[in-house]
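Chains as they are written, first to last, in the numbering used here: chain B, 328 to 538; chain U, 129 to 279. Working notes for the structure below.
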């Protein structure tokens, strides 16, 4: 089960995407018809994947799919984004490459193409998450000045990459514990335990569960 | 009618979005086909029903680049429904022979053209033939009653 946001100003494409993703991944994607609407939704909800068009018809031409992704990342949301567009240029693609994790699929597409792209993005997210986990662990357990802050930044990215994972909560509770904020550390530990159904923890060598 | 869950696995290209094309595309989308409509007229978007879920390409399907844009090589079925038989024939042949679409159905407006399409292995929908056959079937079904009444 994954949480998905579908952003496209063309209603018929949105309908198809919602149906395809629902069938392929057993979920109920949320929909947005404009960048403004999508940004508002992203402020309230966390997603495992977002799909977006590039070109939007509307008064504000500058508020396109690329600007949407840029604003997402500025808000500290590092959810994987799948660009679905018929008109993306090479410049568009190179522009968004810096906002990884990101991928592109040309309209129209078959269900198999869409499934493959989504699976690859979710897999990439898992790999990135594991890399961040190793990095964050190193920084948290190092006593070098400033490393704890760097660790916290990484943990915040981990939160947005896998919103339903207990691991960032475990890490955050360790960071807060080290800083002496035991009360907030306890809250994160409890949140982690609530999400960690099998009580696996997060130590090295543990298999990370995907959503 | 309860339809089998097709689950959008089948990719269908509908060329021409007149009255018939529009209805066919809408129904296929409702049933669960992955549908792309190709039409020259940009206004067709307004004619589509609210719940249509699929793609629309505004362009000329007789141009190879339009068919490439529609990813015709990945289509399971091509339906040509324009008002012009030459266009339907050309698009059907290009779809089958160049893009290798396994199944092609064409609307044949002039019944004299039906043999040409059939010789080329294109499945044919001829409105005149369909109408005549339906009339015949209806008349034959009621013939017993008609003969009985006249006795």
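Heads up, the beta-carbon is just placed ideally off N, CA and C, and yes, glycines get one too. Source: prediction; values computed, not measured.
Residue i, buried or exposed, once every other Cβ within 10 Å from all chains shown has been counted against 16
i, result
"residue 227/U", "buried"
"residue 473/B", "exposed"
"residue 272/U", "exposed"
"residue 339/B", "buried"
"residue 347/B", "buried"
"residue 509/B", "exposed"
"residue 374/B", "buried"
"residue 524/B", "exposed"
"residue 193/U", "exposed"
"residue 347/U", "Here chain U covers residues 129 to 279 and nothing more, so residue 347/U does not appear."
"residue 259/U", "exposed"
"residue 252/U", "buried"
"residue 270/U", "exposed"
"residue 417/B", "exposed"
"residue 526/B", "exposed"
"residue 275/U", "exposed"
"residue 445/B", "buried"
Residue i - DSSP class collapsed to helix/strand/coil
i, result
"residue 164/U", "strand"
"residue 329/B", "coil"
"residue 280/B", "Residue 280/B is absent from the model: chain B starts at 328 and stops at 538."
"residue 251/U", "strand"
"residue 532/B", "For residue 532/B, the pLDDT reaches just 44, beneath the cut-off of 50, and the residue's location in the model is therefore unreliable, leaving the point undetermined."
"residue 430/B", "strand"
"residue 231/U", "strand"
"residue 405/B", "coil"
"residue 236/U", "coil"
"residue 87/U", "Any property of residue 87/U remains undetermined from this structure, which presents chain U solely from 129 to 279."
"residue 376/B", "strand"
"residue 352/B", "helix"
"residue 500/B", "helix"
"residue 139/U", "strand"
"residue 334/B", "strand"
"residue 467/B", "helix"
"residue 487/B", "helix"
"residue 412/B", "strand"
"residue 381/B", "coil"
Same chain, Cβ closer than 8 Å to residue i, five either side skipped, listed in chain order
i, result
"residue 481/B", "459, 462, 463 and 466"
"residue 498/B", "460, 463, 464, 467, 478, 482, 485 and 529"
"residue 395/B", "334, 362, 365, 366 and 379"
"residue 257/U", "239 and 242"
"residue 403/B", "483, 484 and 487"
"residue 331/B", "348, 352, 354, 356, 357, 374, 375, 376, 377 and 378"
"residue 197/U", "185 and 187"
"residue 158/U", "179"
Sequence-distant residues of its chain with Cβ nearer than 7 Å to residue i (five each side left out)
i, result
"residue 241/U", "213"
"residue 358/B", "333, 341 and 345"
"residue 381/B", "391, 392, 393, 410, 412, 414, 415 and 419"
"residue 428/B", "407, 448, 451, 452 and 455"
"residue 355/B", "349"
Sub-7 Å separation of residue i and residue j beta-carbons
i, j, result
"residue 254/U", "residue 239/U", "yes"
"residue 383/B", "residue 336/B", "yes"
"residue 141/U", "residue 160/U", "no"
"residue 426/B", "residue 400/B", "yes"
"residue 483/B", "residue 500/B", "no"
"residue 511/B", "residue 522/B", "no"
"residue 209/U", "residue 235/U", "yes"
"residue 177/U", "residue 154/U", "yes"
"residue 204/U", "residue 138/U", "yes"
"residue 352/B", "residue 329/B", "yes"
"residue 438/B", "residue 136/U", "yes"
From the options, residue whose alpha carbon lies closest to that of residue i
i, options, result
"residue 168/U", "190/U, 206/U, 176/U and 247/U", "190/U"
"residue 436/B", "209/U, 182/U, 172/U and 259/U", "182/U"
"residue 388/B", "362/B, 376/B, 375/B and 403/B", "362/B"
"residue 144/U", "229/U, 257/U and 184/U", "184/U"
"residue 360/B", "353/B, 377/B and 424/B", "377/B"
"residue 201/U", "268/U, 180/U, 211/U and 229/U", "229/U"
"residue 215/U", "259/U, 166/U, 179/U and 180/U", "166/U"
"residue 496/B", "351/B, 350/B, 438/B and 513/B", "513/B"
"residue 147/U", "136/U, 195/U and 211/U", "211/U"
"residue 248/U", "218/U, 266/U and 199/U", "218/U"
Cutoff 6 Å; reference residue i; Cβ partners in own chain excluding five residues on either side
i, result
"residue 285/B", "In the structure displayed, chain B extends from 328 to 538; residue 285/B sits before or after that span and is not available."
"residue 232/U", "206, 220, 223, 224 and 250"
"residue 156/U", "140 and 163"
"residue 172/U", "145"
"residue 488/B", "405, 452 and 456"
"residue 441/B", "347"
"residue 506/B", "none"
"residue 493/B", "519, 522 and 523"
Contact test: residue i Cβ vs the ligand FMN heavy atom, cutoff 6 Å
i, result
"residue 148/U", "The ligand FMN is absent from the structure shown, which contains no ligands of any kind."
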